[in-house]
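Residue numbers for the sequence shown follow numbering that gives the first Met the number 0, beginning at 0 and rising by one. We put the beta carbon where it would ideally sit given N, CA and C, even for glycine.
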Amino acid sequence: MFARIKSHYFGWIGLWVGAVAVLWSACEIDHGLRPIETRILGKILFQNAPPPYAAEARVVATRRFPPENLTSDVVFSDPLPFRRDGDAGQIDTVRYELVVEAGEYPAVGVLWRRGGEEWNITNILGIYTDPLQFAPRPVIIDEQQPVAENVDILADWELAYRDAYIEGNLYFVGDWPENTEILALGMFPIIPKSQIEFLTIKALDITIPLFRNEPYHYRTPVASGTYPFIAVFWKGKGSAVFDIKAVGFYACPTDSTMPRSVQVASGETVTGVDIVVDFSTLPGGVKYQKQGGSCPVGGRK
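What follows is the structure in structure tokens.
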């Protein structure tokens, strides 16, 4: 009888051990039920060669646009492995993966950082956008789309050749249009006389906060040189690139319709380049003399 009890007892132990083994092995099997990691995937197409002082470049996704805090408003990817020997005729293609939380990201782009300096939101090489559009294209991560693919970005290293700064204040006049999508500061090597000449832009700052009434102080990195036309541009939601309107420009103090030129040398910072942003000029935008004039060079050094 003892033998039968012993056999029965050890039989139950054997069944229990076997069940545990089966359960353990089942836990080790991937049944495809794990949560999908939410992320953004795409390619970066680097154009031109980076400057020697470029330390790194990363993909960023902003939780708000424009971002106010690089720590809380921006998600960074790992450093991108770009080539340093590219030229104007080559495209350096790099694939990236950016792990993000579910939510809407109003802008996804590529930032670069100068060696020895902190990240600066104005150091933009390119943004994810639709063809012939100026504003960023939002990326939405949710249950229907836990992974956003083909978020490809053209990143132009030419925008990183900046060895000087221009700064000043923007003063806002009139009511902000409710459909405002973006307000940008552009700096040009010529006074644009046609829509197509606006494509000659040499520096662009799209980090101006929206819907504020108090003056905004900007400090924009630029390449050293002469800028005959510095202006602020307004874009409404859904409008095409050629529907963007100038709503203010750096003007001659003796003639508010005449653009005033700014010269900045390498290593310099030119201050006092103040602009009145007048929303009452919409929908047509502000008017300016396209031939230029004899206004003295502006700004303070």
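Lys-42 to Ser-293 span [Cα, whole Å]: Counting from 1 along the sequence shown, the entry for residue 42 is found at position 43. Counting from 1 along the sequence shown, the entry for residue 293 is found at position 294. When rounded, the distance between both Cα atoms is 47 Å.
Output the distance between the C-alpha atoms of Leu-169 and Glu-67, rounded to the nearest integer angstrom. What you label residue 169 is simply residue 170 of the sequence shown in a count that begins at 1. What you label residue 67 is simply residue 68 of the sequence shown in a count that begins at 1. So the two alpha carbons sit approximately 17 Å from each other.
Going by CA-CA distance only, name the one from Tyr-287, Glu-267, Phe-197, Glu-55 that's closest to Asp-162. Counting from one through the sequence shown, the residue named residue 162 turns up at place 163. Measuring from the Cα of Asp-162, the nearest candidate turns out to be Glu-267.
Length of the line joining the Cα atoms of Thr-256 and Gln-194: Indexing the sequence shown from 1 puts residue 256 at position 257. Indexing the sequence shown from 1 puts residue 194 at position 195. Taking the straight line from one Cα to the other gives about 18 Å.
Which of the three DSSP states is assigned to Leu-44 in this structure? Here the question's residue 44 lines up with position 45 in the sequence shown. Of the three classes helix, strand and coil, the one that applies to Leu-44 here is strand, per DSSP.
8 Å Cβ cutoff met for Trp-156 and Phe-45: The residue labelled residue 156 in the question sits at position 157 within the sequence shown. The residue labelled residue 45 in the question sits at position 46 within the sequence shown. Trp-156 places its beta carbon less than 8 Å from that of Phe-45.
Cα-Cα separation, Asp-84 to Ser-265: Walking along the sequence shown from the start, residue 84 turns up at place 85. Walking along the sequence shown from the start, residue 265 turns up at place 266. CA-CA distance, Asp-84 to Ser-265, rounds to 24 Å.
For Pro-130, decide whether its Cβ has a neighbour in chain D, counting only Cβ atoms nearer than 8 Å. Structure shown: chain D not included; a single protein chain is present.
With Asn-365 as the anchor, note down where its beta strand (DSSP E) starts and where it stops. No answer is possible for residue 365: the residues shown for the chain start at 0 and end at 300.
Can you give me the Cβ contacts of Asp-204 inside the same chain, cut-off strictly under 7 Å, excluding the 5 residues immediately before and after it? Counting from one through the sequence shown, the residue named residue 204 turns up at place 205. Within the same chain, Asp-204 has close Cβ partners Thr-121, Ala-183, Leu-184, Tyr-217, Thr-219.
Distance between beta carbons of Gly-108 and Ile-90, contact taken as under 8 Å: As a working note, residue 90 is residue 91 in the sequence shown. As a working note, residue 108 is residue 109 in the sequence shown. Their Cβ separation, rounded to whole angstroms, is 17 Å, which puts Ile-90 and Gly-108 out of contact at 8 Å.
What residues are listed by DSSP as bridge partners for Asp-91? Start at 1 with the first residue of the sequence shown, and residue 91 comes out as number 92. Phe-45.
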